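Here's the structure, in structure tokens; my notes come after.
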Amino acid sequence: MRICVVVLVVAACLGVSADARAHPGGGPGSDEWTIASETAIFYYPWFSTEARDGAFAHWQQGGNAPPAQIASSYYPVRGPYSSADTLVLAAQMREIAAAGISTVIVSWWGRGSLEDERVPQVLAAAQLHGLAVAAHVEPYGGRSVESVALDIAYLRTLGIVDFYVWASVWLPDADWARLNAEVTGIRVFANTNLVGKAAVGGFDGVYTYDVLLYDGSLFPRLCAQARRLGLLCAPSVGPGYDARRATGDPRLRSRRDGATYDAMWQGAIRSRADFVTVTSYNEWHEGTQIEPARNAKRGYASYDGAWGLRGAAAERSYLDRTAHWTARFTRSRLNFR
29 MRICVVVLVV AACLGVSADA RAHPGGGPGS DEWTIASETA IFYYPWFSTE ARDGAFAHWQ
89 QGGNAPPAQI ASSYYPVRGP YSSADTLVLA AQMREIAAAG ISTVIVSWWG RGSLEDERVP
149 QVLAAAQLHG LAVAAHVEPY GGRSVESVAL DIAYLRTLGI VDFYVWASVW LPDADWARLN
209 AEVTGIRVFA NTNLVGKAAV GGFDGVYTYD VLLYDGSLFP RLCAQARRLG LLCAPSVGPG
269 YDARRATGDP RLRSRRDGAT YDAMWQGAIR SRADFVTVTS YNEWHEGTQI EPARNAKRGY
329 ASYDGAWGLR GAAAERSYLD RTAHWTARFT RSRLNFR
């Protein structure tokens, strides 16, 4: 699992601040919501192939031998791809935009990392499809609150103004409070279900990311607490979890032919979330992806049966269902204006 930073490119292009976009009537936690809804999705730019990049990266994790064997319980319709492939990246951004997503949250592992090198390419592709981009700040080696402060300063030069900090609770609340008091014009989100802890750290909001431990039943309580403390609430929904082939983790959350995804979206809407984060577009290792998966690939699970669909229709069923839920989320927000 990796941390991502969200860049609100669309807001910047329109000359609208992040805060104004989210809460024009009352600031974080306000009951006066905007018509436009924010839905963000976690995205991983870390995949490489031998043909495109000289060696496989991430597909071979866990002792797998791509392209026949990959580090996922599912197999992409595209096959093992390179995240640096311009055509692949353009197609992915097109799919995300068509699903009603507004922001791509890019996994970022520190200055000089492969993910850092690929951020400009993701930004360019996202902008062409009307998508904002954000950064998920992952627990890279030596990460501290002080290093994150430098990361924020650097990423802001690229236009990124939203920062999601995975495992933020690993670092001292007092240090976060000092950082968050000093920075302006951005939003920083804590990865936690402990809303009071996020408030003490001076964060702008909370998100959960984990779709194995948390389900939609948590979200109403989480968001109610966030509203009371003046924080934004961005719970994370996902289709399921299966990391057995990549990491050997025996824990599972079944997709239940789409019922797991539906239940999480229902919980997010019921919670009156400020916006929804989706785990994930393409975290193939953990089986949380909604990117199209190949049907009837021997030795791999598929989306067959999701919402009663089979074959080619099932391959992109989670993208199509996401479009259904993002539209419903937008309609639900109208009821709270």
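For the sequence shown, the working numbering assigns the number 365 to the last residue and increments by one with no breaks. Here a beta-carbon is modelled for each residue, glycine too, at the ideal position from N, C-alpha and C. Since the model is a prediction, treat every value here as computed from it, not as a measurement.
Counting only runs of 3+ residues, the beta strand (DSSP E) found wholly inside the segment 84-153 occupies 131-136, in chain order. VAL197 is positioned such that its CB atom lies closer than 7 Å to that of THR220. In this structure, the alpha-carbon of ARG146 lies about 14 Å from that of ILE188.
By the Cβ test, the segment 289-297 is in contact with the segment 239-249, since at least three Cβ pairs between them sit closer than 8 Å. In this structure, VAL216 lies near ASP232, with their beta-carbon atoms less than 7 Å apart.
Per the coordinates, the alpha-carbon of ASP81 lies some 41 Å from the alpha-carbon of GLY230. Around the Cβ of LEU156, a 10 Å sphere holds fewer than 16 other Cβ atoms; the residue is exposed.
Going by C-alpha positions, ASP290 is about 34 Å away from LEU183.
THR236 is a Cβ neighbour of PRO263, given a cutoff of 7 Å. Straight-line spacing of the CA atoms in GLY315 and LEU178 works out to 32 Å. Annotation: ARG279 is outside any beta strand (DSSP E) and is labelled neither H nor E by DSSP. In the displayed model, PHE75 falls within coil according to three-state DSSP, outside both helix and strand.
Contact between ALA68 and PHE303 holds, since their C-beta atoms are separated by about 7 Å, short of 8 Å. Distances from the alpha-carbon of ARG273 to those of CYS251, ARG298, GLU311, THR307 put GLU311 closest. In the three-state reduction of the DSSP assignment, GLU343 falls in the helix class, which pools H, G and I. Here ALA160 is buried. Its C-beta has 16 or more other C-beta atoms within 10 Å.
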